[in-house]
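In our numbering, the protein residues as written are 426 to 640.
Virtual Cβ for every residue (Gly too), placed ideally from N, Cα, C.
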């Protein structure tokens with residue numbers, strides 16, 4: 426199976442191609458802005474490096490959030506366009522599970538944390554086998570209760586949850602990666618029961634946009 430995966434939901438832009446369980450081409454660039462301009466050329470470069478035609482793809486995968494509103498729209502729009510052109514299904518993977526599965530738990534619980542601005546973080550807790558301990562959430566960093574026992578905090582919001590506990594380790598440099606998204610999507614895809622609709626963005630709060638006040 427050939428899976429093309431995309432990620433533009435957070436502070437990076439990435440694309441990856443998985444063929445029969447192995448990533449054969451990928452690109453990953455940390456960036457805060459410019460995902461819309463960077464993504465499709467990156468996808469073309471990945472496909473060219475792999476020597477795989479778009480018509481040979483079986484599945485498109487993309488992160489669905491939580492993350493930056495503009496970035497989420499870029500990735501989902503590109504995934505839907507590619508899927509529509511090729512008549513392909515799309516699998517959505519949350520940004521937080523992509524982060525967690527990019528980590529090396531080593532017997533620790535994992536907390537994936539993304540800076541949500543406005544003094545808040547997006548976060549989700551996972552057990553040492555990376556099974557979710559609850560849904561993705563958003564809130565002030567000081568309200569996040571860490572699991573008992575050894576914990577690994579990953580993501581660009583990890584330092585916001587820094588603890589005096591000696592059994593808490595922090596990896597703030599870990600970013601979502603399309604290569605992880607491709608692997609997760611391939612594991613979840615059932616060719617006998619493909620998703621009927623493309624995934625929707627996972628918004629945990631409003632955009633904060635406000636209409637101008639009436640004069």
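Rounded distance between the beta-carbons of residue j and residue i, thought under 8 angstroms
i, j, result
"residue 528", "residue 572", "Contact flag wrong, Cβ pair sits at about 14 angstroms."
"residue 523", "residue 602", "7 angstroms"
"residue 419", "residue 516", "With the chain covering 426 to 640 only, the question about residue 419 has no answer from this structure."
"residue 435", "residue 558", "With 8 angstroms as the limit, residue 435 and residue 558 do not qualify as a contact, their Cβ atoms being about 21 angstroms apart."
"residue 453", "residue 499", "Not confirmed; about 16 angstroms, so no contact."
"residue 546", "residue 585", "6 angstroms"
"residue 538", "residue 519", "Contact flag wrong, Cβ pair sits at about 13 angstroms."
"residue 471", "residue 442", "5 angstroms"
Residues that DSSP places opposite residue i in a beta bridge
i, result
"residue 551", "535 and 557"
"residue 564", "546"
"residue 517", "487"
"residue 588", "Answer is none; residue 588 lacks a bridge partner."
"residue 455", "437"
CB contact below 9 angstroms: residue i versus chain C
i, result
"residue 451", "As a matter of chain content, chain C is missing from the structure shown, which is built from one protein chain."
Cβ-based burial, residue i [other Cβ within 10 Å; buried from 16]
i, result
"residue 625", "exposed"
"residue 432", "buried"
"residue 581", "buried"
"residue 467", "buried"
"residue 542", "exposed"
"residue 636", "Any reading at residue 636 is ruled out, since the residue's pLDDT is 38, under 50, leaving its predicted position unreliable."
"residue 593", "buried"
"residue 458", "exposed"
"residue 503", "buried"
"residue 368", "It is not possible to answer for residue 368, since the shown part of the chain is limited to 426 through 640."
Whole-angstrom distance between residue j and residue i, CA atom to CA atom
i, j, result
"residue 588", "residue 630", "26 angstroms"
"residue 426", "residue 591", "43 angstroms"
"residue 510", "residue 482", "11 angstroms"
"residue 578", "residue 536", "5 angstroms"
"residue 474", "residue 563", "38 angstroms"
"residue 720", "residue 576", "There is no way to answer for residue 720, as the model of the chain reaches only from 426 to 640."
"residue 501", "residue 597", "25 angstroms"
"residue 486", "residue 607", "6 angstroms"
"residue 628", "residue 556", "21 angstroms"
"residue 551", "residue 456", "26 angstroms"
DSSP-derived helix/strand/coil call for residue i
i, result
"residue 573", "coil"
"residue 445", "coil"
"residue 529", "coil"
"residue 500", "helix"
"residue 625", "coil"
"residue 477", "coil"
"residue 431", "strand"
"residue 509", "helix"
"residue 465", "helix"
"residue 440", "strand"
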